Structure formats: structure tokens, C-alpha cells
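Notes for the one structure printed next.
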Amino acid sequence: MRSVTELRRCTFSDREAGAWWRYVTLAVMMLITWWNPGISEAQYTYSQLTTTTGDGSASPSISADGTRIAFRSNRNLTGGNSDGNYEIFLWISGSGFTQITDTTGDSTYSYLSISADGTRIAFRSNRNLTGGNSDGNYEIFLWISGSGFTQITDTTGGENFTPFISADGTRIAFGSNRNLVTGGNLDGNPEIFLWTAGSGFTQVTATNGASTHYNPSINADGTRIAFYSTHDLTGSNLDHNSEIFLWTFGSGVIQITNTTEGGSDTPSISADGTRIAFVSTGNPVPGGNLDGNYEIFLWTASSGFTQVTATTEGYNWQPFISADGTRIAFGSNRNLTGSNPDGNWETFLWTAFFGFAQLTTTTAGVSSGQSLNTDGTKIAFVSTSNLTGGNPDGNPEIILASSPSVELAAVGSGPGPMLTNPVSVSYTLQGCNNKEIFLVVNAPAMGIPWSYLGASGWVSLPADLSTVTPYLGSGQADGTYSLYAGTAPAGTYELYLGCDYVMDGHLNIDTSAGLNLNGVYDYLSVTVQ
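At position 13 of the sequence shown the residue is numbered 43 (our numbering), and the sequence of numbers has no breaks.
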């Protein structure tokens, strides 16, 4: 079996039915309790952003809203790269490609990381982009839209690597074997550093000996950094196994995994820093990975470990967690859903409520290097497969997978969690314009237990759910719509609003466990006083 380091080199990668309906709907939604949209593979549509021949593109990093993707390519996407050098490009929805760098020679750009709004990109390069890297050393750079490049590190010899940018783009976690903080790394050991705009460098780890620290992942506000290390940073890693660690500003480092065999790598941290997805050949969940296979795990600060995949042989690799920590995109050559019997490298999405969705289904090529937007409704990745019919030559191309999304919002006159009349309710749709939109409620105070909105009003959910086609309508364009504004009767209610459900056009509801919708939806648990 290949080591974690060996496998890393094999990948691409360096969120009008009448007054009665409105009245009930209003009563149904005030206090928001978030369940994440359930996503089925049938609901993703693919856009092939690049179409090239010869070599190709890699390392996509997507913005929070999914409208901007940074990546590297040696193709001439804008007419400014006729020499076929590797350059950084930015794709913007609605306007196309912008070439960020323009260099000559044997240039390298890797480990791209984009800020939440897509206006800042951190990366590693050996080019002299600012006049401060004449020796061609590997340095960390920051590109800011409208102002250009800033060289973050300035070193001689050694290298700086794997930058990861915070949501606002003012902090960058990265690895380096240089002495960036005076006297802090005289032995040239690979250490984890944090750069903060306006104040400079913080050395997160300080070790000696043959230890390694790699693949930092920073949370939204830049106060937490997950990484893997073979050093004994806390006194609990005496065997120097590859373990996942978490650094928190003001409190230091804690060891997340503690295994004696195998190793853990490629951590990906949630926005609040309380969840970390990672790959491991160890056994973080006792008895869960006895064969030492490459599996995906999720660590949650409040509850510990969840083993996401459980397979034999093959690989599950490169997890990328959503901002809220409930979705993980990753690559795998295992048959996790029954749709990959040939063991091809495919892109998968795991959600906390619905398990696995296989986003690509191909017989040739590789899909890898996944990057999720904030709510997981858009996923950028690299693929050599012909997913759209536009890649018959099997070139590495940038793909954007998009899912519809819905969001409910409610406002009352009083402070939460008990909202006071009058109240207003609205919903926002994206990508649902050609899909049916459904509404299901549980409104016992109104005498309406678990019911769906049909063509003629509210209908109790029948025992045979295959006959149910609940809907608000179809063909609504992207935008925000008002459901109600007025006075609601006191009570507690539940509401599900969604679009593009599957299962032969019908809802999939398990009444013994409440609602289990196989579709894209938002859920509100409501109390109006």
C-alpha cells in the first residue's frame, strides 16, 4: 500500500395557493433551526469551464458564493499565455477568465487558496512577481484584486509551501523551513506559520529533529489552524506518528488524533474551527479501520470522531469540508453508492443527514481536487473524464458542479428565540426555475399535522407516499419571494421548502423518523408567541 505522501502526489490538487396557505405558512416559520439541504447526485449540473488540448488545468479554489474560481493552467485561455507557461487564472461567473500572472521560464504556481469574496488569492511561486524574488526561491504570494501582488515571504534557500487563506484574506497559514520569526527556526525544520496583514508572522510550531508539519487549513477568522505533524507537540505523540493537530490563537496546540499505526493527513477545517475532515490509514474510531485503508474521518469538538467511509482496499482522498461542517467533498475509487463498480476515481459528497452522493459516474478518467463553496451547492474540481461531452480527449479540465438551493427567512418584532407578531416570511431560490417547488408543514396548533400543499390546498400525508406530488408551483426564477407579512397565531410549527426532489418526482418521507427529504430544501422550526 502506498504511503500518504506517495498518494498525495497522484492527485490534481496541490450552500399562489390562496389566503389560507399564506396564513398557515406564516405561522410555520419564525425561529430558524438549520438543517442542511439534502442533496442527491441527480440534482447537480455540470459546467466545463475550460476546454483545452494538451496538458491542462489544476488546483481549483472556489469563493464562498461559488461565482469565482482560481486555478492554475498552462493553456492560453485569454490570449496572454502563448508560451504555455503555468499561470494563475480567475474564472468569474458571467464574465469568464482573467489571467492573474504573466511570466516566462520554468515557472511554478501551486497551492492556490481564494478568499471568501474571491478578491484575494494566496499561492506559492518561484517567479519574481514583485521584484523581490530574483533568486527564484519558492515564496508565498498574495494577489489582491485592484492592487496586484504582495510577496509574503522573502527567503533564500529552502522553501515555503501550502498556503491557506482566511475568509477575509487578511491571514494566511502556511508551512516553511525558513527562519521567518527571528531565532524561531534556526535548524530549518518544516514548521507551520501564520501571516497576518499589518503584523507579520507568527510561528505556530517550533520543533527540532526529523519532524514534519504540513497541510495547514485555516478557519474563517484565522484563529484556528488544523495541520498534520509527526512531532510530539503536546506530549502525546511519543511514537512520532502522523497525527492531526489543532492550533487555537491564545491557547496553543491540541492533538486531535492519537494512533500508533497508519497516519492521518490533509485536514480541512470548518468556518468556526470546531470540525475537521481528514484522511487516515489509522484507527481513530476504535474498531472502525482495522485494515488500515485510506478512509475519510470527521472530528467534531463536541462529540469526537465519525468514520465517514468504511471500505476495503482502494482510496478515499482529499476531503474538503463545507463552512458549516456538515458536508464533505472528496475523491474515491470505491463503490460507495453502488454506482462505481468499476472502481474509477470519482467525486463524492457526504452530508451529515443523507450520507453519500456520487457526483460523477464515469468509466475512464479521474475526478479530483474538490473545492466547496460555503453552502456546498457548488463544487469545483478537476476532471479528465468527459462529463459534459466537451472533453473527448481526456484533458485535465476545470469543472463546476452546481445544485439548486433554497433558503427560508423569518422576521418578528421581538427578540428570538420566541418571535412576536407581526412577522414576515420570505424564501430565496437559486437554480429552481425549471423545477417543481414543494412545501410540507407540521402545524398542530392549526390542526394540520404533517401535510403537504397540493393543487387544491393542504393534504395530510398519506400512507403511500409514492402518490404525493406536493408543490407551490414551478418555473419561478432566481430571487427572493414574500410568503407572508402579518399576524400569526401562537404556536410551534415545522416547515420544509425545497425544489428538484427526486425518487420518480415524489417526496421520500420516512414518517417514523420525521421527514427525510431526498432533495434540496431548507427547514425551519418555528415558535410564535
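The beta carbon of each residue, even a glycine, is placed where N, CA and C say it ideally should be.
All values reported here derive from a predicted model rather than from experimental measurement.
- prompt: Do you know offhand how far THR593's Cα is from GLU169's?
  reply: Residue 593 falls outside the range modelled here, since the chain spans only 31 to 559, and no answer is possible.
- prompt: What's the gap between the Cα of GLY322 and the Cα of ASN346?
  reply: Position 292 of the sequence shown, counting from 1, holds the residue named residue 322. Position 316 of the sequence shown, counting from 1, holds the residue named residue 346. Computed Cα separation, rounded: 12 Å.
field: Option nearest PRO492 by Cα separation, candidates PRO479, ALA394, ASN190
entry: For the purposes of this step, residue 492 is taken as the residue at position 462 of the sequence shown. If we check each option's Cα against that of PRO492, PRO479 comes out closest.
- request: Compute the beta-carbon to beta-carbon distance between GLU117 and SER140, rounded to the nearest angstrom, for a pair I have assumed lies under 8 Å.
  value: Counting from one through the sequence shown, the residue named residue 117 turns up at place 87. Counting from one through the sequence shown, the residue named residue 140 turns up at place 110. Distance from GLU117 to SER140 at the Cβ level is roughly 12 Å; contact not present, criterion being Cβ atoms closer than 8 Å.
Rounded separation between VAL455 and SER369 - CA only: In the sequence shown, residue 455 corresponds to position 425, counting from 1. In the sequence shown, residue 369 corresponds to position 339, counting from 1. Cα-Cα distance, rounded: 40 Å.
query: Could you give the distance in angstroms between the alpha-carbon of GLU273 and the alpha-carbon of GLY205?
result: Here the question's residue 273 lines up with position 243 in the sequence shown. Here the question's residue 205 lines up with position 175 in the sequence shown. Spanning the two alpha carbons is a distance of roughly 16 Å.
message: Spatial neighbours of LEU469 within its chain, please: C-beta separation below 6 Å, excluding the five flanking residues on both sides.
response: Position 439 of the sequence shown, counted from the first residue, corresponds to residue 469. Cβ neighbours of LEU469 beyond the five flanking positions: LEU483, LEU502, LEU527.
query: Taking all protein chains shown into account, do 16 or more other C-beta atoms lie within 10 angstroms of the C-beta of ILE122, making it buried, or fewer, making it exposed?
result: Locating residue 122 in the sequence shown gives position 92, counting from the first residue. The Cβ neighbour count for ILE122, taken over all protein chains shown within 10 Å, is under 16; the residue is labelled exposed.
- request: Let me know the secondary structure DSSP gives PRO246 once reduced to three states.
  value: Looking up residue 246 in the sequence shown gives position 216. DSSP places PRO246 in strand when its eight states are reduced to three.
message: Assuming contact is defined by CB atoms lying nearer than 7 Å, are SER415 and GLY385 in contact in what I supplied?
response: As a working mapping, residue 415 is identified with position 385 in the sequence shown. As a working mapping, residue 385 is identified with position 355 in the sequence shown. No, Cβ-Cβ distance for SER415 and GLY385 is not below 7 Å.
message: Between which residues of its own chain and TRP277 is the CB-CB distance below 6 Å, once the five residues before and five after are set aside?
response: On the sequence shown, residue 277 is found 247 positions in, with the first residue counted as 1. For TRP277, same chain residues with a beta-carbon under 6 Å away, outside a window of 5 residues either side, are VAL234, ILE255, VAL283 in chain order.
message: Would the stretch 106-115 count as touching the stretch 430-440 if we require 3 or more Cβ pairs under 8 Å?
response: Contact between the stretch 106-115 and the stretch 430-440 is absent, because fewer than three Cβ pairs lie under 8 Å.
- request: Could you tell me the distance, in whole angstroms, from the CA atom of LEU417 to the CA atom of ALA203?
  value: Here residue 417 corresponds to residue number 387 of the sequence shown, with the count starting at 1. Here residue 203 corresponds to residue number 173 of the sequence shown, with the count starting at 1. Approximately 34 Å between the Cα atoms of the pair.
- prompt: Can you give the Cα-Cα distance for THR242 and PRO426, rounded to whole angstroms?
  reply: The count along the sequence shown starts at 1 and reaches residue 242 at position 212. The count along the sequence shown starts at 1 and reaches residue 426 at position 396. So the two alpha carbons sit approximately 31 Å from each other.
- prompt: Sorted by chain position, which residues of the same chain lie with C-beta nearer than 7 Å to THR83's C-beta, five sequence neighbours on each side aside?
  reply: The count along the sequence shown starts at 1 and reaches residue 83 at position 53. Shown here for THR83: same chain residues with a beta carbon closer than 7 Å to its own, the five before and five after excluded, namely ASP423, ASN425 in chain order.
- request: Give the DSSP-derived three-state secondary structure of PRO474 in the structure shown.
  value: Numbered from its first residue, the sequence shown carries residue 474 at position 444. Three-state result, PRO474: helix.
- prompt: Helix, strand or coil for LEU263 per DSSP?
  reply: Walking along the sequence shown from the start, residue 263 turns up at place 233. Three-state result, LEU263: coil.
- prompt: Using the C-alpha atoms, what's the distance from ARG98 back to LEU79?
  reply: Mapped onto the sequence shown, residue 79 falls at position 49. Mapped onto the sequence shown, residue 98 falls at position 68. Computed Cα separation, rounded: 11 Å.
- request: Could you tell me the boundaries of the beta strand (DSSP E) in which ASP552 lies?
  value: Working through the sequence shown from its first residue, we reach residue 552 at position 522. Taken as a continuous stretch (DSSP letters only), the beta strand (DSSP E) holding ASP552 covers 550-558.
field: Every unbroken beta strand (DSSP E) inside the stretch 349-421 [3 residues or more]
entry: Segments of the beta strand (DSSP E) lying fully in the stretch 349-421: 357-362, 376-381, 385-388, 397-402, 408-413.
query: So LEU513 and VAL556 are in contact, right, with Cβ under 8 Å, and what is the actual spacing, rounded?
result: Within the sequence shown, numbered from 1, the residue matching residue 513 stands at position 483. Within the sequence shown, numbered from 1, the residue matching residue 556 stands at position 526. No, LEU513 and VAL556 are not in contact; Cβ-Cβ is about 12 Å, not under 8 Å.
query: Which same chain residues, not among the five before or five after ILE299, have their C-beta less than 6 Å away from its C-beta?
result: By 1-based counting over the sequence shown, the position of residue 299 is 269. By the criterion of a C-beta distance shorter than 6 Å, ILE299 is surrounded in its chain by SER247, ASN249, ALA256, ILE306, once the five residues flanking it on both sides are discounted.
message: Is the separation between the beta-carbon of SER397 and that of THR377 shorter than 7 Å?
response: Position 367 of the sequence shown, counting from 1, holds the residue named residue 397. Position 347 of the sequence shown, counting from 1, holds the residue named residue 377. With contacts defined as CB atoms closer than 7 Å, SER397 and THR377 qualify as a contacting pair.
message: Please report the straight-line C-alpha distance between ASP251 and ALA507, rounded to a whole angstrom.
response: Indexing the sequence shown from 1 puts residue 251 at position 221. Indexing the sequence shown from 1 puts residue 507 at position 477. Rounded to the nearest angstrom, the two C-alpha atoms are 34 Å apart.
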